[in-house]
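Written out below as structure tokens is the structure these notes cover.
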Amino acid sequence: MIINHRYRFIFVKTRKTAGTSIEIALSRFCGEDDVISPLAADDEALRTELGLPGPMNHLAPDGQLRFRNHMPAEEIRDAVGADLWAAYHTVSIERNPWDKAISMYYWKSRDGRKRRVADFQRKSLPDFLAVRERQILAGTRPNQFSNFPIYSIAGRPALDHIGRYENLAAELVRIAETLGLPSAIALPETKSSYRTDRRPYQEVMGREERAVIDRLCAREIEYFGYRFEDT
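Here the sequence shown is numbered in my numbering, starting from 40 and rising by one per residue.
Here it is, written out as structure tokens:
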């Protein structure tokens, strides 16, 4: 996440929506008084390679993490205060939930930091979704398929603008113009190579897999009017 005082905006980072790339790109416009939350080590290496500022002002006075990756809007508002939250332009990105779920599946299957990749890759997409739904319903794992809690307060979307990943280039132009940024939001390449199957999600998901995401992402499907048939 980013809090930028010069251009008076707060970027709320969601999952599997090019959030890391956007955060790196927005770092270009940050100064020493702004807040930038830490990214994964490889992404921080890329940010450094690009000559952009890294994490800063994200710790509390006692050294504990105050601002973090994927921090929910309600927690950000409470941390910065209601007046600043209301005065700044708050932005984020959302994505078609079925497409997002497939992206998460491929990202998790390449993530060797927390699990044995070979074991994980033996799970098919149907198995992956079925297991995750059981864990979510049992309360043993958070619902990372849904970004709705990240950009909502009291159960309702609470940001000034939530752009669509499906129209990302146009959304970034709009955001840059709205914020008065001096140049375009130019995205670096980060995690996009994890997904190897580029077929439309409608060709990858069966009825049961679709139903899992229908249940886990019901709120954003209703709010944004997403349809499985959308292209």
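Note that the Cβ used here is the ideal one computed from N, Cα and C, for glycine as well.
If you're wondering where the values come from, they're calculated on a predicted model, not measured in any experiment.
In whole angstroms, what separates the C-alpha of residue i from that of residue j?
i, j, result
"T235", "D101", "43 Å"
"E242", "N96", "45 Å"
"L85", "G58", "14 Å"
"V130", "T217", "10 Å"
"D166", "D253", "16 Å"
"R213", "R105", "29 Å"
"L255", "A193", "18 Å"
"E248", "R171", "11 Å"
"C69", "G245", "44 Å"
"T53", "L226", "16 Å"
"R155", "V251", "Caution is warranted here: a pLDDT of 49 is assigned to R155, below 50, making its placement in the model unreliable, and no coordinate value can be reported."
"R134", "Q103", "31 Å"
"R152", "S191", "With a pLDDT of 47 at R152, under the threshold of 50, the modelled position of that residue is not reliable, and no figure is offered here."
"I49", "P239", "32 Å"
"L198", "R47", "14 Å"
In the DSSP assignment, find the unbroken beta strand (DSSP E) run with residue i in it and report its ends.
i, result
"T56", "Where T56 is concerned, there is no enclosing beta strand (DSSP E), given that its DSSP letter is neither H nor E."
"I49", "48–50"
"E133", "128–133"
Can you tell which of the options has the C-alpha that lies nearest to the C-alpha of residue i?
i, options, result
"K147", "F48, K55, M40", "K55"
"I42", "H128, R266, S163", "H128"
"S185", "A257, S60, L168, A99", "A257"
"F187", "F263, E205, A215", "F263"
"Y265", "L220, L207, R203", "R203"
Please report the residue range of the alpha helix (DSSP H) in which residue i lies.
i, result
"S185", "From DSSP, S185 is part of no alpha helix (DSSP H); its letter is neither H nor E."
"P136", "136–148"
Tell me, please, whether the CB atom of residue i is closer than 9 Å to any CB atom in chain D?
i, result
"L78", "In the structure shown, chain D does not exist; there is a single protein chain."
At which residue ranges does the region 171–248 contain complete beta strand (DSSP E) runs of 3 or more residues, listed in the order of the chain?
Listed in chain order, they are 200–203.
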